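Asker:
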Amino acid sequence: MSNGKRKRSRDDPTSDERRKKSATDAKKKQHKSYMKDFKKWSKTSSTTGATAAAAEWLTEDEATLREKHQFLRNDDADAVDGAKDWKVRMAVRYYQKLFKEYALADFSRYTDGKVGLRWRTEREVIDGKGQFVCGNKACDASEGLESYEVLFAYVEHGEKKQCLVKLRVCRACALKLFHRKILEIQSRHRHDKVAAHVDVQNMLQGKQVDDDDDDGHDDDGDDNARGDDNARGDNAKV
Numbered sequence: 001m002s003n004g005k006r007k008r009s010r011d012d013p014t015s016d017e018r019r020k021k022s023a024t025d026a027k028k029k030q031h032k033s034y035m036k037d038f039k040k041w042s043k044t045s046s047t048t049g050a051t052a053a054a055a056e057w058l059t060e061d062e063a064t065l066r067e068k069h070q071f072l073r074n075d076d077a078d079a080v081d082g083a084k085d086w087k088v089r090m091a092v093r094y095y096q097k098l099f100k101e102y103a104l105a106d107f108s109r110y111t112d113g114k115v116g117l118r119w120r121t122e123r124e125v126i127d128g129k130g131q132f133v134c135g136n137k138a139c140d141a142s143e144g145l146e147s148y149e150v151l152f153a154y155v156e157h158g159e160k161k162q163c164l165v166k167l168r169v170c171r172a173c174a175l176k177l178f179h180r181k182i183l184e185i186q187s188r189h190r191h192d193k194v195a196a197h198v199d200v201q202n203m204l205q206g207k208q209v210d211d212d213d214d215d216g217h218d219d220d221g222d223d224n225a226r227g228d229d230n231a232r233g234d235n236a237k238v
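Using UniProt numbering, the first residue of the sequence shown is number 1, and each one after it goes up by one.
Here it is, written out as structure tokens:
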């Protein structure tokens, strides 16, 4: 005789998964509230579309942004150059408006160990891309996202730079992010697939970072004025 209790399915969410979903839903609600207020102030919103966003920039202005924009700015250099170069001042103002809590990734060359990174545009911040939607530019997954902090090393204008960036991606894209590490683990345990699987799962869990409460910030520009135009790293080191 049944006691009235349904047997738990393997597909049922765990208490930890339910807690994460509840926290994410609360952040989404807060994000929408922030973005509603932000759009009242901002001249550009996600609803205007790429054409309207691109129309904000004259051809000369867009060329200047592409010429001067850097993935990471040097405040000391900007303070010196900005006093006499209006192009630098313009690029600095643009950079300062970018939202750098999360980055977006291009995994098109992940099998070569190369991951391109850029900050999000204003439209992407408003839409939650990279925060509530997978940070892979080519992925729209919104379930099972995890945040990973990676060291991004790259060469820009002949100068070596590096910074820690946070990527929020789905499970499938996390496997792309750690593709090279996973191959190393599988090679090490080539005769023991179970051990390899366990090590991969442990690595993925160990690379996760907690998400702080996020405020809505604005950044500007369309996909043609993106941070990885002049700053393209060989790979994101993890």
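Yeah, the Cβ is synthetic: ideal placement off N, Cα and C, and Gly gets one too. Computed from a prediction, not measured in an experiment: that's the story for all the values here.
Can you tell me the Cα-Cα spacing of Y102 and D112, whole angstroms?
Answerer: 23 Å
Asker: In whole angstroms, what separates the C-alpha of I185 from that of L175?
Answerer: 12 Å
Asker: Counting Cβ pairs closer than 8 Å, one from the stretch 132 to 143 and one from the stretch 154 to 170, do we hit at least three?
Answerer: Segments in contact, yes.
Asker: Applying the 10 Å Cβ sphere with the 16-neighbour rule, what's the burial state of A23?
Answerer: exposed
Asker: Is the CB-CB distance between Y110 and Q208 below 9 Å?
Answerer: no
Asker: Return the CA-CA distance between F107 and D85, expressed in angstroms with no decimal places.
Answerer: 36 Å
Asker: Shortest alpha-carbon distance to N136 belongs to which of A26, R120 and Y154?
Answerer: R120
Asker: Let me confirm a value: E124 is counted as buried when at least 16 other C-beta atoms fall within 10 Å, else exposed. Which label applies?
Answerer: So E124 ends up on the buried side.
Asker: Using 9 Å as the threshold, is the C-beta distance between L117 and F132 below it?
Answerer: no
Asker: Looking at the strands, I want to know which residues DSSP matches up with E149.
Answerer: K166
Asker: On the three-state DSSP scale, how would you describe N202?
Answerer: helix
Asker: Please list the terminal residues of the continuous alpha helix (DSSP H) segment that includes M123.
Answerer: Inspection of the sequence shows that residue 123 is occupied by Arg rather than by Met. Note, R123: alpha helix (DSSP H), E122 to D127.
Asker: Which residues in the same chain have their Cβ closer than 8 Å to the Cβ of D192, if we skip the five residues on either side of it in sequence?
Answerer: none
Asker: Buried or exposed: E159, going by 16 or more other Cβ atoms within 10 Å of its Cβ?
Answerer: By the neighbour-count rule (16 or more Cβ atoms within 10 Å), E159 is not buried but exposed.
Asker: Could you tell me if L104 is buried or exposed, where buried requires 16 or more neighbouring beta carbons within 10 angstroms of its beta carbon?
Answerer: buried
Asker: With 16 other CB atoms within 10 Å as the buried threshold, where does E17 fall?
Answerer: exposed
Asker: Does the Cβ of G128 have 16 or more other Cβ atoms within 10 Å, making it buried, or fewer, making it exposed?
Answerer: buried
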